[in-house]
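Chains E and C, in that order, give the protein sequences.
Residue 1 is where the first sequence starts when you use the UniProt record's numbering, and the numbers rise one by one after that.
Residue 1 is where the second sequence starts when you use the UniProt record's numbering, and the numbers rise one by one after that.
All residues carry an ideal CB built from backbone N, CA and C; glycine is no exception.
Quick caveat, the model's predicted, so the values are computed rather than measured.
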Amino acid sequence: MQEIVQYLFSGITTGAVYAVIAVGLSMLYSSTELINFAHGEFVMIGALVMVTLWVRIGLPLPLAMAGAVGAGCVSGLVFERFAIRTARNPEPITLIIITVGAGIFLKGAAMIIWGKDPFSMPAFSSHESIEIFGAALLPQSIWIVSAALVLAGGIHLFLKQTLTGKAMVACAVNKKAAWLSGIPSEKMGILAFGISTGCGAVAGIFIAPITMSAYDMGTILGLKGFCAAMIGGLGSLWGAFAGGLLLGILESLGAGLISSGLKDAIAFVLLLLILYIRPGGLFAAKEAKRF
Amino acid sequence: MKQKNLVVAILVTILWILPVSGGMAANVYKIGGIFSVTGRASFLGDPEKKTMEMMVERINAAGGIDGHMLEAVIYDSEGDPAKAVSAVNKLIHKDKVIAIIGPSTTPTTLAVVNFTKRANVPLISCAAGIKITTPVDPWVFKTAQSDLLAVAAVYQQMKAAGIKKIGILTVSNAYGESGKKQLLDQAEKFGIQVVLNESFGAKDTDTTTQLAKIKAAGPDAIVCWGTNPGPAVVAKNAKQLKIDIPLYQSHGVGSPKFIELAGDAANGNILPTGKILVTSLLDDSDPQKKVLEDYQNAYENKFSGNVSGFGGYAYDAVNLLAGALKDSNGDKEKIRDNLEATKGYVGATGEFNFTPQDHNGLSPDAFVMVEIKDGTWTLLK
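Okay, structure coming up:
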């Protein structure tokens, strides 16, 4: 019993990280139909900038966080401007391959800037873990889960309540119609890019204290986030969120109850099963593929 | 007519010079190096390459070997077996080296041994994997301590501390798998029972699940086998889960980086390590102390950054090769025979005694057990 609770805590923590990454990916997909395979690299940028600003330079925590998210957004915008928008032939497959290449570039650039050694970062709050049913809950887990909830809730409100958000949804539903009714659809795409990569950076900031940050941490996280978004249904905000949590919990339970050697295999087999039974993902209704 | 004569004269001169310059080159002993200078294993290959260059320079400054200067041709494998293979082919066929040092990692070494064997070129690997020298191949040697010895050192220490039951947690890559095999194989010999064996991914962000499972199995100690940064995550998680049994790490984390990464959580961790990490703590009677101090000073004077045990593998490889080159006249067969006959060479890694059955030549003494206390290493025993 005690172990199962521990597995759940562990799974929810990892799952919340996947959820934040998946939300960013999904958000970009629904407004631009682009799957950004460089998304994981923005997680890495968030984590490494956070280490630099908070640990090296010693900025106060909120300021360092803002700086790291800002770095994620800005590098996302630069990426959009120079890698995506300059593509002559904006077929989805071309763009996807561009993102793969840009991911490799970002990883290489980070290796030059930060070097190859991993960095460690202290937790945001006191290190003592809280005991619930004999299982240890790390304070950083609470941070991560709340950050994921706040972020997803914020994006939800933004899309449903603000004019800009509604305009973005309109672009997602029909770009041409939105453009005809006076919505600057190109700007909306850029905005979606900035928000999406910002989300990636947020994920990086919050996992930096529980893991080690290095230039090559992003790729696998991006893939897991992609997996989570697929489970939940690409393009669905809460679907991506739930997909992330589900993936994290399944991984952890799989490792704990069956075998840690098969951890990733279990998660990916489940993904295949889910996609086989519900090709659109668990939470995507057939007619409403988008937000 | 005159012009024609001139052309002939030039041609003759060229033809006359060519074999001479070829003859000059034979005076130089060309040795090859393949290291993971960049890429994921650069922490191994970078100091190894620097050390090899430094040692070759040193030997040449002292007049070379039997009057022959050494020339090092070094390629970067980037830790990629395919690139290591193309490097070894270049070394054998284009550069025509008489011996090769490296590669830095087990997978790259295993990829190249077939080529060096076929070309009858002696290879001194700097990688740890036991598969490199078991079964023994006449042409393949290595200087890094095998996992076999590291596990033996850990188990000796456990036996002395009265630890009977252990849980093991290994990283799911070649390093971890090899460690796991040794841990399982040797346990019985030391009267130790492995109650649970779990693994984690090299890039995992969290290992609390595995640790909780091991904790529930109730062992006397946990052994984590991996290279940075995974074991630092394990150490942190173990502290967060308030696991109070000893945590043993492998020699793969024997660098100041581990203490930096794991912070407070590193305290109390016990691990086997090459002596280079604790040179200043060694007893003055230890024959390796002088060698290590010499290498450390030379390296740190020449390059920025601290010396690491990994560079020590190349240090020993160059010295062993230099010893074997003596009286060999550049004959590969002779170099191999000399290497195999090397006895009592005290190096940075340990004392080497090669035999036809043992091409690693080290004993568990090549490791010392250390405990991390207050963020620094302390010698156990």
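Between the Cα of A128/C and the Cα atoms of Y313/C, D358/C, N319/C, which residue gives the shortest distance? Residue numbering aside, residue 128/C sits at position 128 when the second sequence is read from its first letter. Closest by alpha carbon: Y313/C.
If you measure between the beta carbons of Y29/E and A228/E, is that distance less than 9 angstroms? What you label residue 29/E is simply residue 29 of the first sequence in a count that begins at 1. What you label residue 228/E is simply residue 228 of the first sequence in a count that begins at 1. No, they are not a contact pair.
Spatial neighbours of I274/E in its chain, beta-carbon cut-off 7 angstroms, leaving aside the 5 residues before and after: Locating residue 274/E in the first sequence gives position 274, where the first residue counts as 1. Hits under 7 angstroms: I231, L282.
Helix or strand or just coil, what does DSSP make of G26/E? In the first sequence, the residue the question calls residue 26/E occupies position 26. Note on residue identity: the sequence assigns Ser, not Gly, to residue 26/E. Helix, per DSSP.
Contact list for A150/C against chain E, beta-carbon separation under 7 angstroms: Here residue 150/C refers to the residue found at position 150 of the second sequence. Chain E residues near A150/C: none, gap ~22 angstroms exceeds 7 angstroms.
With C-beta atoms as the reference, is L8/E less than 9 angstroms away from L253/E? For the purposes of this step, residue 8/E is taken as the residue at position 8 of the first sequence. For the purposes of this step, residue 253/E is taken as the residue at position 253 of the first sequence. Contact flag set, yes.
Listing by chain order, which chain E residues have their CB less than 7 angstroms from the CB of G309/C? Taking the first residue of the second sequence as position 1, residue 309/C is located at position 309. Going along chain E, no residue has its Cβ under 7 angstroms from G309/C, so there is no contact; the nearest lies around 16 angstroms.
Kindly examine the ligand FMN and report whether one of its heavy atoms sits closer than 8 angstroms to the Cβ of F124/E. Ligands are entirely absent from the displayed structure, and the ligand FMN is therefore not among its contents.
Between the CA atoms of L261/C and G375/C - distance to the nearest angstrom: Here the question's residue 375/C lines up with position 375 in the second sequence. Here the question's residue 261/C lines up with position 261 in the second sequence. Looking at the two C-alpha atoms, the distance is approximately 11 angstroms.
What distance in whole Å lies between the Cβ atoms of I192/C and K215/C, which are believed to be in contact at a cut-off of 8 angstroms? In the second sequence, residue 215/C corresponds to position 215, counting from 1. In the second sequence, residue 192/C corresponds to position 192, counting from 1. Not quite, the Cβ-Cβ distance comes to about 18 angstroms (not below 8 angstroms), so this is no contact.
Taking Cβ to Cβ, would you say K290/C is nearer than 9 angstroms to A265/C? Counting from 1 along the second sequence, the entry for residue 290/C is found at position 290. Counting from 1 along the second sequence, the entry for residue 265/C is found at position 265. Contact flag unset, no.
Under the DSSP definition of a beta bridge, which residues are partnered with Y345/C? Sequence index remark: in the second sequence, residue 345/C carries index 345 (1-based). Beta-bridge pairing links Y345/C to F352/C.
Any chance you could list the alpha helix (DSSP H) runs of at least 4 consecutive residues sitting entirely within the stretch 104-169 of chain C, in chain order? 106-118, 147-161
What's the call for Q161/E, buried or exposed, on a 16-neighbour Cβ count within 10 Å? Translated into the one-based positions of the first sequence, residue 161/E becomes position 161. Q161/E should be labelled exposed.
8 angstroms Cβ shell around V97/C - same chain, five flanking residues per side excluded: As a working mapping, residue 97/C is identified with position 97 in the second sequence. Excluding sequence neighbours, V97/C sits near K30, I31, G32, V73, L91, V121.
Other residues of its chain near V28/C: CB distance less than 8 angstroms, five sequence neighbours each side excluded: One-based indexing of the second sequence puts residue 28/C at position 28. Only H68, M69, L70, E71 meet the Cβ criterion.
Among V43/E, E91/E, V23/E, the one whose alpha carbon lies nearest that of H156/E: For this step, residue 156/E is matched to residue 156 along the first sequence. Comparing Cα-Cα distances from H156/E to each of V43/E, E91/E, V23/E, the minimum goes to V23/E.
What residue ranges within the stretch 188-254 of chain E form continuous alpha helix (DSSP H) runs of no fewer than 4 residues, ordered along the chain? 218-232, 237-253
Just checking, does the stretch 138-158 of chain C make contact with the stretch 362-375 of chain C on the three C-beta pairs under 8 angstroms criterion? yes
Give the straight-line distance between the Cα atoms of G222/E and V43/E, rounded to the nearest whole angstrom. Position 222 of the first sequence, counted from the start, is the residue given in the question as residue 222/E. Position 43 of the first sequence, counted from the start, is the residue given in the question as residue 43/E. Near 8 angstroms, if we compare the C-alpha coordinates of V43/E and G222/E.
I'd like to know if I57/E contacts chain C, where contact means its C-beta is closer than 9 angstroms to some C-beta of that chain. The sequence position of residue 57/E within the first sequence is 57, counting from 1. Not one chain C Cβ lies under 9 angstroms of I57/E.
If the criterion is Cβ atoms closer than 9 angstroms, does the pair M369/C and Q157/C meet it? For the purposes of this step, residue 369/C is taken as the residue at position 369 of the second sequence. For the purposes of this step, residue 157/C is taken as the residue at position 157 of the second sequence. Closer than 9 angstroms, so yes.
Could you tell me the alpha carbon to alpha carbon distance between I12/E and I205/E, rounded to whole angstroms? Mapped onto the first sequence, residue 12/E falls at position 12. Mapped onto the first sequence, residue 205/E falls at position 205. The alpha-carbon atoms of I12/E and I205/E are separated by roughly 17 angstroms.
Along chain C, which residues have their Cβ under 7 angstroms away from the Cβ of M217/E? Looking up residue 217/E in the first sequence gives position 217. By Cβ distance, chain C contributes K203.
Neighbourhood of A26/C by C-beta distance below 7 angstroms, restricted to the same chain and skipping five residues each side: By 1-based counting over the second sequence, the position of residue 26/C is 26. With a pLDDT of only 47 at A26/C, under 50, the local geometry of the prediction cannot be trusted, and the value read off the model is given with reservation. If we look at A26/C and ignore the five residues flanking it on each side, it has no Cβ neighbours.
Write down every uninterrupted run of the beta strand (DSSP E) in the stretch 239-277 of chain C whose length is 3 residues or greater and which is fully enclosed by it, in chain order. 247-249, 270-274
H93/C, DSSP secondary structure in three states: By 1-based counting over the second sequence, the position of residue 93/C is 93. If DSSP states are grouped into helix, strand and coil, H93/C belongs with the helices.
List in chain order: all unbroken beta strand (DSSP E) runs of 3+ residues lying wholly within the stretch 166-234 of chain C. 193-200, 221-225
Alpha carbon to alpha carbon, how far is V278/C from K213/C? Give it in angstroms, no decimals. Here residue 213/C is taken as the residue at index 213 of the second sequence, counted from 1. Here residue 278/C is taken as the residue at index 278 of the second sequence, counted from 1. Cα to Cα, the separation comes out at about 34 angstroms.
To the nearest angstrom, report how far apart G263/C and P256/C are at their CA atoms. Locating residue 263/C in the second sequence gives position 263, counting from the first residue. Locating residue 256/C in the second sequence gives position 256, counting from the first residue. Taking the straight line joining both Cα atoms gives about 11 angstroms.
Got a sec, what are the start and stop residues for the beta strand (DSSP E) I34/C sits in? The sequence position of residue 34/C within the second sequence is 34, counting from 1. Looking at the DSSP string, the run of the beta strand (DSSP E) that includes I34/C is 29-35.
Check whether the stretch 109-123 of chain C touches the stretch 269-288 of chain C, counting contact only when three or more Cβ pairs, one atom from each stretch, lie closer than 8 angstroms. no
Name the DSSP bridge partner or partners of F367/C? Looking up residue 367/C in the second sequence gives position 367. For F367/C, which the question treats as bridged, DSSP gives the partners G274/C.
Assuming the contact rule is C-beta atoms closer than 8 angstroms, S104/C and L183/C should be a hit. Round their C-beta distance to whole Å, please. Here residue 104/C refers to the residue found at position 104 of the second sequence. Here residue 183/C refers to the residue found at position 183 of the second sequence. Not a contact, Cβ separation roughly 23 angstroms.
Interface residues of chain E around P231/C at Cβ under 9 angstroms? Sequence index remark: in the second sequence, residue 231/C carries index 231 (1-based). Ordered by position in chain E, no residue passes the 9 angstroms Cβ test against P231/C, which lies about 10 angstroms from the chain.
Listed by chain order, chain C residues near P118/E by CB distance under 7 angstroms: Counting from one through the first sequence, the residue named residue 118/E turns up at place 118. Within chain C, the residues near P118/E are N228, P229, L261.
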